[in-house]
Every structure is written in C-alpha cells, then in structure tokens.
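Here the structure comes first, spelled out in structure tokens, and everything after it is commentary.
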Amino acid sequence: MATSTDIDDSLYSRQRYVLGDSAMQKLGKSSVLVYGMGGLGVEIAKNIALAGVELLAIQDGQTATITDLGTQFFLSETDVKNCRNRAEACAERLSELNPYVRLKTLPTVLEETSDLSYLRNFQCVILTETPLKVLIKVNQFCRSQNPPIKFVCGDVYGVFCSAFCDFGDTFEILDTDGEEPKEAFIADISKDNPGIVTCLENTRHSFEDGNIVSFREVVGMEALNGKQCRIKVISVSKFSICDTTVPEFGTYLHGGIASQVKVPASVSFKSLEEQIWAPKFSLAEDTWKIDAPKSIHLGYLALKHFQERFGRFPHSRCPKDADELLAIAAEVNKSMKDPMVNVKTQAGSLLEQLSFSSQGCLAPLCASLGGILAQEGLKALTGKFTPIQQWVHLDAVEVAEKGDRGDFQPRGDRYDHLRVCIGDELCRKLMSLKLFMVGCGAIGCEMLKNYALLGVSTNSDGLVTITDNDLIEKSNLNRQFLFRQHHIQNPKSTTAKKSILEINPSIHIEAQQYKVCPQTESTVYTDGFFERQDICVNALDNLEARRYMDSRCVTNQRPLLESGTMGPKGHVQVIVPHITESFNDQSDPVDHDVPYCTLKSFPATLEHCIQWARDKFESSFSLKPNLVNQFWAQHQNPGEVVQKLQQGMSVDGAIQVSKVTYHRPTTWEHCVQLARLKFEKYFNHKARQLLYSFPLDTKLNDGSLFWQSPKRPPTPVVYDLSNEMHVAFITSTARLYADIGGVSYTPQDTSADVVNAIVSVMTIPEFRPANKNIITDESVKKPEETAVEGGKDELMDSANRLTALMSGKLEQLKQMKMKPAVFEKDDDSNGHIDFITAASNLRAKMYSIDQGERLKVKKIAGRIIPAIATTTATVAGLVTIELIKVIKQCPLEEFKSTFFNLALPIMVLSEPAPAKVLEPRKGLKYTLWDKWVVKGNPEFTLKQFLSYFKEHHGFPAKSVVMGVKMIYIPQMPSHSKRLGQTMVKLLKPSPDQKYADLVVLFESDKQEDEEDDVSGPIVRYYFNS
117 MATSTDIDDS
127 LYSRQRYVLG
137 DSAMQKLGKS
147 SVLVYGMGGL
157 GVEIAKNIAL
167 AGVELLAIQD
177 GQTATITDLG
187 TQFFLSETDV
197 KNCRNRAEAC
207 AERLSELNPY
217 VRLKTLPTVL
227 EETSDLSYLR
237 NFQCVILTET
247 PLKVLIKVNQ
257 FCRSQNPPIK
267 FVCGDVYGVF
277 CSAFCDFGDT
287 FEILDTDGEE
297 PKEAFIADIS
307 KDNPGIVTCL
317 ENTRHSFEDG
327 NIVSFREVVG
337 MEALNGKQCR
347 IKVISVSKFS
357 ICDTTVPEFG
367 TYLHGGIASQ
377 VKVPASVSFK
387 SLEEQIWAPK
397 FSLAEDTWKI
407 DAPKSIHLGY
417 LALKHFQERF
427 GRFPHSRCPK
437 DADELLAIAA
447 EVNKSMKDPM
457 VNVKTQAGSL
467 LEQLSFSSQG
477 CLAPLCASLG
487 GILAQEGLKA
497 LTGKFTPIQQ
507 WVHLDAVEVA
517 EKGDRGDFQP
527 RGDRYDHLRV
537 CIGDELCRKL
547 MSLKLFMVGC
557 GAIGCEMLKN
567 YALLGVSTNS
577 DGLVTITDND
587 LIEKSNLNRQ
597 FLFRQHHIQN
607 PKSTTAKKSI
617 LEINPSIHIE
627 AQQYKVCPQT
637 ESTVYTDGFF
647 ERQDICVNAL
657 DNLEARRYMD
667 SRCVTNQRPL
677 LESGTMGPKG
687 HVQVIVPHIT
697 ESFNDQSDPV
707 DHDVPYCTLK
717 SFPATLEHCI
727 QWARDKFESS
737 FSLKPNLVNQ
747 FWAQHQNPGE
757 VVQKLQQGMS
767 VDGAIQVSKV
777 TYHRPTTWEH
787 CVQLARLKFE
797 KYFNHKARQL
807 LYSFPLDTKL
817 NDGSLFWQSP
827 KRPPTPVVYD
837 LSNEMHVAFI
847 TSTARLYADI
857 GGVSYTPQDT
867 SADVVNAIVS
877 VMTIPEFRPA
887 NKNIITDESV
897 KKPEETAVEG
907 GKDELMDSAN
917 RLTALMSGKL
927 EQLKQMKMKP
937 AVFEKDDDSN
947 GHIDFITAAS
957 NLRAKMYSID
967 QGERLKVKKI
977 AGRIIPAIAT
987 TTATVAGLVT
997 IELIKVIKQC
1007 PLEEFKSTFF
1017 NLALPIMVLS
1027 EPAPAKVLEP
1037 RKGLKYTLWD
1047 KWVVKGNPEF
1057 TLKQFLSYFK
1067 EHHGFPAKSV
1077 VMGVKMIYIP
1087 QMPSHSKRLG
1097 QTMVKLLKPS
1107 PDQKYADLVV
1117 LFESDKQEDE
1127 EDDVSGPIVR
1137 YYFNS
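In this note's numbering, each residue carries its 1-based index in the sequence shown increased by 116.
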C-alpha cells in the first residue's frame, strides 16, 4: 500500500468497507511469509497480495512439475519444461496483482536444521506442505518472539484439508464481528432493578446478551445519558440494564437512543505441540458429520507420521497402505489426552478414503482453504475479526468415486492430482461438460480459475459459455484477480477468457457480452440454448438476475449453482431438478420502505439524510434535465409551444420545462448563486417552515409532544463562509449545475476563495412562512411525478419565459438541451459523492443527527456491497465442489448448501431442502420441476386439449392461460366459441416456435373452494408432434 495514511480508494474501496481504515493501514505496514507454492500456498499468497500488505515473501524449494498445473494456477508448462523453482516461477504473476505490495522470493527448503532467524522479519508466518516436526519447531520459534510471530499452517490431502492457528498466549481482537454498531430508539425505561428498556413501537433492537450499550438523548432519566450498561435480552423489543430505582435516575419521560458499544476481546492460544494431543476445533459445523473433525484430526496426524516413517504418502487406492494408516491412527488415538473416536467403527471409512486420495489434491479445496487461511493471516495482522481457535478440518468425500483402482492411478499429466481424488471417468465427464456461467466479476473469475484447473470443457465436445456486459473498473482489481491495470475499460468476459487460457490453454470457452434477461430470451438465451447446457452457474450480484436465471433453469430443467458474498459472509445453494427446491422457493426478508414523510421532513438517522440527498441529486440533476430533453425532442418548434400557451392551451410538461430552462445558469457565477439559494432553501428555510408549522411546544391529541423521538426538531443552519462543509455544498452543487447546463469552469473557479467572493455579495431572500400542508402520516406514499396543469396565468408566464429564452441567450433549440447527470459513485472527479456527502451531512446537522464520513456516505448512497478476495475464493471453491457432485449425480443427502461468516468464524453446511410436493387436489401431485407435455398437430383443437387431461389424468381442465393472455375462461361468454378453434389459431406461434408453455386450471375437489380453481404443473404444448 502507498503509505499508512494514503489508502487508494479507487482500488481498495470495497475492501475498506470490510476491514476499515485502521486495519487497512496496519496491513500496509505488515510483512507476511507464505511457505509452499503448491495449490494451497499460491491461493493464500494471491489473496494476501490482493489485500495489500507491505511485504509478501514466498518460499519454496521444490521444482515445478506437470502435476502442479492441476492446482497451481500461476505455473505454466514452460515453467515445468525449464525445471523452474516454484516460488521463482510464480513470483512475477503474483507481483502483478497489486502494485503496492513488495514481493520477495526465497527458493529454499524449510527443514528441521534451518536457521529460523529470518522469520523475525515477519509478523505472520503461514506454512503449507511442511512435515510435522518442522511445523512444531517453527511454531515454538514464533511463540518465543516478543511480540510473538503469528503462526498459521494448513494442507490439502486429496479430498481432505486441515489447518491450525496460533496467535500467542494473549491476542487482542479489536472488532470481533465487523458489524456496524446497532442502535435502537427507546419508547420506555422502567424504574426497576434491573430497569427494562422497551424499544419504540415494539421494533426489534438486534442486541445480544452481554452487549454493552450506551444511551443518549433520554429525557427524564437523564442520568443514563453517556452511561454504559451490559444488557440482558428479554425479547426482540425489550432488554434489561442496570438498577434504575436509585435516586440519581429520574422518571423516564420520552426520547432516547441505545447504541451498541464495541469493546475489544482477548483470546488465548495454545502451542501446536499442545494442541496436537488436545485439539480445539472451530469454524465448520456439518449437521451430517458431527464427528468428522475428530476423525480427520487423527487422520491428519497419522498421515504426518506415515510420511515420516515411509518418506511418502500412501499410494492411491492401496489397501495395504490404508491398513497401515489406520494402524498408525489407532496408535495416535491412544496418545491423545482424550481418545477421539473408535478408529475402526467410527473413523474407518473416512481414514481409508484419506489414505486412498492423499497423493492427490482437490483444487476447489485449495481455493476454499486458501481463502480461509488468508483471512486468518489478515486477522493476525490487524486484530479485525475473531480468529479460528485453533483447528479446522474439512472434507469433500462425496466427490470421491468407488471405481476400479486403475481408474485412480496417475498418468503423468496435469490432472493426476484430480484423478487420484475422483477417478478418470469423472475427470472425462468434466472435460466434456457444457457449462453456462452468468457473470465474470469476483466470483466468476475464481470459478473460471477452478474450471481451468479441473480441466472442465477441455474435450472437443465440451464448452464453457460465459457472459457479462460490464467493463473492468479499477475497483474490480482488488478481487477479480484475472484482470490487471491495463485491462481497465475492457470487457470482463473477453478479458477473463484470455486470462483463463493462460492457466489452461486447452479449455474451450466462448465469451459473450449479452444480458440474460427477457429481452434476450427469444434471440440468444433461448430454451434451446439452456437445453444444450449440462449445468448453469450464477456469478451475479443482484437479486433480480438471480431470480430470472432460476426461473429459466426451472423451465428447462437445468441444474443451477447459486452463490454470493457480502463482506466476510458467503453462501452456496445447489439447485438440482426434481431433487432440491429452487432459488425462488426461498423468500428473503422484506425491505420496509422508509415513510415518505420521514425522508421529506422528519429524518431520524443518517441513512434517511443520505437517501434524501440521493433523491435531490436524481431530481435536480437527472430527472429534470431528462424532462427538458424529452420535451424538446417531442416539440421541435419552440415557437409553436409558445403560441399554444398564449392561446391558453395546456402543453404537457411546458410549465416545469420553462422554469428549469429559464433558471438554467449560463455562467459559473450563476451556478454558484443558484447553489447558494438551494443551501438557504434546504437547510434554513425548510427548518424555519417546520418550526412555524409545528412549534416546539406542539402537542398531539393525546397530550404528548409532537417533537419527540423519533421526530427531531430541526435547527436552521446559517451559512458560514469559513465552514468547509458549507462551502463544499456550494461548490459541488454549482459544479453539477454547470455540468448539466454545459457551463465551463476551471479548477480555480471551484476554489473556496472564488466561491466565497461570489456568495458574499449576494442578497439572500428572507424567510417567509407559508401555510403549507406538511405530511405527517407515515402511511402516505410519495406522490407520482406528474406534469403540472397550470391555470391561464401560469400558462402565460411559461409562454413569457420561453419567449425570453428564444429572443435572448438561448435562441437555438439545441442550446435548450441539457446533459443529465448519471450517478457514478466510483468516479471521484465528477463531484457526485461530494454533493451527497455535503448535502446529507448538512441535513444531519440540521436535525442534530451524527454526521457521516465520506466513505460511509458513499457506501450507503451507492448501495455498495462490501467485498474481499478471501470470501470470494472460499465461496468459489465450495461451489465447484458442488459442481462435481452434480456431474457425479449424487443423491440429495450428499449435496451441501452452505452459509459461512469468516469474521466469527463459522461455516454451516446442511442438506438442501428437497423439492416441495404440491397437492392442490386429490390425484394431482407435482413439484415445480414437473412439466406435462401435450403433443398436438395443426388441427388439434382447444376442446381436444381440454379433454386430454380427463383422459390421461382423470380430471377435466377448466381454464387455459398463456403468460398474461387468457386463452380460455369458461365464465367469459365469447370464449365458448373457441372450443372448436385450433390451438395454433388461439396461441398464434411464430413461424419457428415449436411449443408454448401454458398454465392450466382444474376444478377443486374441496367444497370450501367451490369458487376457486387449482393449477397444475406447467403444460408444454407442442404444435406439431
């Protein structure tokens, strides 16, 4: 990173929202060593480089081999051919990831006899592919330092992986979860021991037992203000605090906000040598594998001992070696402080699979564990988030086949590591896969890397199709590791294709730039396209696109892999036809809109102020200029518009357009003046009007004060030439008016001296109270934007304004056009975030609300999703494991839907929900995956179509609907004539259309539903079978 105080927001913006500036600055001064540049080591190094440490050292004494290419994406066939050291070979590609990271290469082996003094140069050491005795020695050395060097180690063995963390006897966690402190508005505080706090209108407080909260703005019980209390949760809307019966606490009257206080936590770690025999497990919770971590721990130690004893890992599918490993595991189990499991009865099959696959390495496991361990490294350096304590063991045994031993033997190519794990037959299926992935962002890049390592679509009959209509931006480079600085403003999909071919030149991949949406359903992404795919993968960042992809996969009965991230959190959902539920079967929590009156007049939080500022931006600098342009595009002759207005004829939009156009500034000075008037209107006159309409002592019908929590009385803001925020609002607003109006200005023009010189000589209109009807009802919605219908005088005024424009400064129509602003959060040069920051903070100041830093305002206004490479890598690895299971055709119980939060850390793996069986009437059972097929012909009539269901399913059809079109509704008199008409005539297919999907309604068999018909599965009608 550039310096400890200079964070490149254009690169790190999404990561800053995950880690915060304090942690980012610590990273910028940190040094990390990653040992072992195999599949796991390079994943860790990649993620740490992207995060932005000062120095990343990579150490490895091994030479690149052909099998490394199946897991190590920064090695090439040329590196293998030239027998290059693995660390040196991938150093250049790692250094390209982040210009702020200094890379150091150490091409040496770490052994028991190695001098470890060089490790003092690092704050964190991460070891992979290291013998147990060396791990113990390095861990002891790290613990002996003051302060201790943070120690992390991990390995992937076949379809298993293990990791260990030791951050010393005492480690301080500065932020345990990374969440924003929670707040709750207070409705009541009782005089009890303990006092009971009730939240406003029984809203949820989101606090947890043991949280510490502080209070402010409490009226009556003022002694609580500034006080911190440890709470106990009573319900979702109540919690208890301290004893409020003591004399210092008065009787609660109204108001108050309870805010969570985040306090550091201290944790203690044991050494590796101690934890080997008395392990403490963390992170993973698989409801179907409760004892798996214990069994894998024994297997991990047995494997290390096997390596020490024989100088190798067990041979692939070798029963003799498997027996030996089980015998060693039994010996290890006896030495444990508390025996882990019964090796023969509980751990036998798992340990056998470990022995069978240990010479292999499953690339997706490297990706997931690489993300997890890189995040642990970042925790060690920053104190941000709760570290793993202290072991984590994961497996993907479901992907392992049970085929012939020869199917799993190495063949001297780049897929040997994979072949040992899943067998050659499943490898070949992956090579012939037809896969469609939507999105080439962070998850998409990681997924493509995994496909290349697995050899997906490398046969002539395989094809990976990718699509993304976005261009690469600098902020993408922090997570989307296939892209570099010179790729900025290039298409994501085509650039990703080029980068992935460097990892595996044999992959067949087609890059497209179309959106997957209803508009491309009949041209590009047709039913036929989907039917050609073996599997679809979502790498999307918005809900609408996810839902659409899900519906297309359900319609065409294609499996879909869905995933997503938000900061340190990630999820994976596997969707398989006829086996699992679909994405749309799950409902997300409903987002409740903020009442219109709250945003307009009674904000209670900074978020309300930011939304108000965002709305002002859209209204003033986007909607109104667009309205002007649309008006003049429709009315080419201004003279005709003026003539109609003079004749008293209303012209849609003319009044508003005439005002906007007439008051449109034509000089920089005019822009500044207009901005100053807006300041007065928004932050002074608005407050005065509210206080005029609702004086501070205003009471409601029940006698309570009008101005009480959450309503906050405003204080008029008086413009101050020396106040930076005031000047920032004038400058940013003036710039936006200039930009939309085509007014030129120089950097000197935007200086505070020039702006204040213009403002200081202005005459500001005095406030004049008006008898306005101010909305206070929270149920009232925002009125729709409609054209103003004016009276005769207003029409004439509009005509006069346009006449003045035509005869003066804007006589040409083209000069009346404006350039609407398109909100862009990541371009700091456009002033958009400057305006919203200044406007929202001034409004917050007016209502005595805590103001927000520019970074926070940008996140909320831009609806930015926090993101970090570690989470993305973890998700992509888990998704790819599920992909292998889909191709293997695993049963429901072997699939895993996953939710994890690397900040806590926790990972929950569970069986996906099965496809829900619907039975709307007796004899009619189906799931959303079912589809009834009716094969017709050109003469097939509607009557025959309706009779088909009686003949084949036992009950008659009543109604037929296609999309929003009603084909046959018996209650409609004219529809009876349709019974004799052909389906072709009624459905009107296009010349190349083969079928139509219809919704058919049937009569209910329940007496209480006499008036309601029930629907069955989708009916696909073929026009000519």
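Don't be surprised by glycine CBs; every beta carbon is placed ideally from N, CA and C.
The model shown is predicted, which means the values in this text are computed figures rather than measured ones.
Residue i - containing beta strand (DSSP E), residue span
{"i": "lysine 897", "result": "Per DSSP, lysine 897 belongs to no beta strand (DSSP E) and is neither H nor E."}
{"i": "valine 1050", "result": "1047 to 1051"}
{"i": "isoleucine 625", "result": "625 to 628"}
{"i": "aspartate 271", "result": "266 to 273"}
{"i": "leucine 1006", "result": "According to the sequence shown, residue 1006 is cysteine rather than leucine. Careful: cysteine 1006 lies outside any beta strand (DSSP E) and carries neither H nor E."}
{"i": "valine 88", "result": "Outside the displayed range of the chain (117 to 1141) lies residue 88, so it cannot be described from this structure."}
{"i": "aspartate 768", "result": "Per DSSP, aspartate 768 belongs to no beta strand (DSSP E) and is neither H nor E."}
Buried versus exposed call for residue i [16 or more other C-beta atoms within 10 Å across all chains shown]
{"i": "tyrosine 234", "result": "exposed"}
{"i": "glutamate 756", "result": "exposed"}
{"i": "phenylalanine 1065", "result": "buried"}
{"i": "glycine 819", "result": "exposed"}
{"i": "threonine 987", "result": "buried"}
{"i": "glutamine 754", "result": "Before going on, a small fix: residue 754 reads as proline here, not glutamine. Proline 754 is buried by the Cβ-count criterion."}
{"i": "phenylalanine 385", "result": "buried"}
{"i": "isoleucine 347", "result": "buried"}
{"i": "glutamine 102", "result": "The structure shown does not extend to residue 102, since the chain is modelled only from 117 through 1141, so no value can be given for it."}
{"i": "alanine 279", "result": "buried"}
{"i": "threonine 502", "result": "buried"}
{"i": "methionine 878", "result": "exposed"}
{"i": "alanine 803", "result": "buried"}
Strand pairing of residue i, partner residues [DSSP]
{"i": "threonine 1014", "result": "Val688, Leu1025"}
{"i": "valine 1115", "result": "Val1077"}
{"i": "methionine 1082", "result": "Val1077"}
{"i": "lysine 827", "result": "In DSSP, lysine 827 forms no bridge with anything."}
{"i": "threonine 179", "result": "Asn201"}
{"i": "glutamine 344", "result": "Ser330"}
{"i": "histidine 370", "result": "Val335"}
{"i": "cysteine 477", "result": "Gly274"}
{"i": "glycine 680", "result": "His687"}
{"i": "aspartate 402", "result": "Leu1025"}
The ligand MN heavy atom lying under 7 Å from the CB of residue i
{"i": "arginine 959", "result": "Among the components modelled here there is no ligand, and therefore nothing to report on the ligand MN."}
Three-state secondary structure (DSSP) of residue i
{"i": "glutamine 673", "result": "coil"}
{"i": "glutamine 635", "result": "helix"}
{"i": "cysteine 358", "result": "coil"}
{"i": "methionine 841", "result": "helix"}
{"i": "leucine 100", "result": "Because residue 100 is not part of the residues shown, which for the chain are 117 to 1141, the question remains open."}
{"i": "glycine 1132", "result": "coil"}
{"i": "cysteine 199", "result": "coil"}
{"i": "glutamine 601", "result": "helix"}
{"i": "aspartate 285", "result": "coil"}
{"i": "arginine 792", "result": "helix"}
{"i": "leucine 999", "result": "helix"}
{"i": "glutamine 759", "result": "helix"}
{"i": "histidine 724", "result": "helix"}
{"i": "threonine 986", "result": "helix"}
{"i": "tyrosine 416", "result": "helix"}
Unbroken alpha helix (DSSP H) run spanning residue i, endpoints
{"i": "leucine 127", "result": "125 to 135"}
{"i": "isoleucine 874", "result": "868 to 875"}
{"i": "aspartate 439", "result": "435 to 451"}
{"i": "alanine 803", "result": "802 to 809"}
Cutoff 8 Å: residue i Cβ touching any chain B Cβ
{"i": "glycine 755", "result": "Looking at the structure shown, chain B is missing, and only one protein chain is on hand."}
- Secondary structure, beta strand (DSSP E): runs of 3+ residues fully inside the region 500 to 527: You should have 507 to 511.
- Query: Enumerated in chain order, which unbroken segments of the beta strand (DSSP E) with a length of 3 residues or greater are wholly contained in the region 516 to 599?
  - Reply: The region 516 to 599 contains these whole beta strand (DSSP E) runs: 550 to 554, 579 to 583.
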